[in-house]
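Using this note's numbering, the letters of the sequence shown correspond one by one to residues 264 to 377.
Just so it is clear, CB atoms sit at the ideal spot from N, CA and C, and this is done for glycine as well.
These figures come from a predicted structure and were not determined experimentally.
Report on the following structure.
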Amino acid sequence: MTDCLFCKMCNGEIEPDVVYQDDDVLAFRDVNPQAPTHVLIIPKTHISTINDLTPEHEALIGKLYLAAKQVASDEGLAERGYRVVMNCNAEAGQSVFHIHLHMLGGRAMQWPPG
Ligand code: AMP
């Protein structure tokens with residue numbers, strides 16, 4: 264999508280602080296980090312929300328989690344622990360409508376989240 268911020272990162276119009284990428288997935292540091300490590304992991308294809316997922320996206324969603332695991336390991340968080348979360352629509356706090364996992368770590372997390 265031409266007016267999607269995260270699509271612009273995938274096509275090179277905007278250059279985020281990339282920590283991982285492959286053919287299908289891009290991972291970059293959040294511009295407003297909520298933890299010492301806060302990385303966003305996105306598919307390179309546009310999907311607006313979780314509600315738009317179909318069975319054909321099954322493998323792609325798995326790749327997002329495998330990328331989160333890789334980034335956590337690279338950041339030295341695998342044993343300490345980290346949180347992976349995806350917001351869907353307004354009440355969950357989604358503000359960019361191109362699905363993304365938040366990978367947060369480097370501090371103790373609270374539960375339930377606010
Ligand atoms: P959400 O509110 O779940 O949709 O998450 C969107 C995330 O994108 C927020 O944590 C923002 O801080 C982050 N964000 C917005 N613009 C940028 C940007 N240009 N580079 C990196 N992260 C961004």
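*First and last residue of the uninterrupted beta strand (DSSP E) at residue 349*: Where residue 349 is concerned, there is no enclosing beta strand (DSSP E), given that its DSSP letter is neither H nor E.
*Determine which residues share a DSSP beta bridge with residue 377 and list them.*
As far as DSSP is concerned, residue 377 takes part in no beta bridge.
*Relative to the alpha-carbon of residue 300, which residue among 349, 282, 275 has its alpha-carbon at the smallest distance?*
The shortest C-alpha separation from residue 300 is found at 282.
*Where does the unbroken alpha helix (DSSP H) through residue 275 begin, and where does it stop?*
Per DSSP, residue 275 is not a residue of any alpha helix (DSSP H), being assigned neither H nor E.
*Taking all protein chains shown into account, decide if residue 368 is buried (16 or more other Cβ within 10 angstroms of its Cβ) or exposed.*
With 16 or more Cβ atoms within 10 Å of its Cβ, residue 368 is classed as buried.
*Among 290, 313, 292, nearest to residue 360 - alpha-carbon criterion*: Of the listed residues, the one whose Cα sits closest to residue 360 is 313.
_Assuming residue 353 and residue 288 are in contact, meaning their beta carbons sit under 8 angstroms apart, how far apart are those beta carbons, in whole angstroms?_
Incorrect: roughly 26 angstroms between the Cβ atoms, too far for contact.
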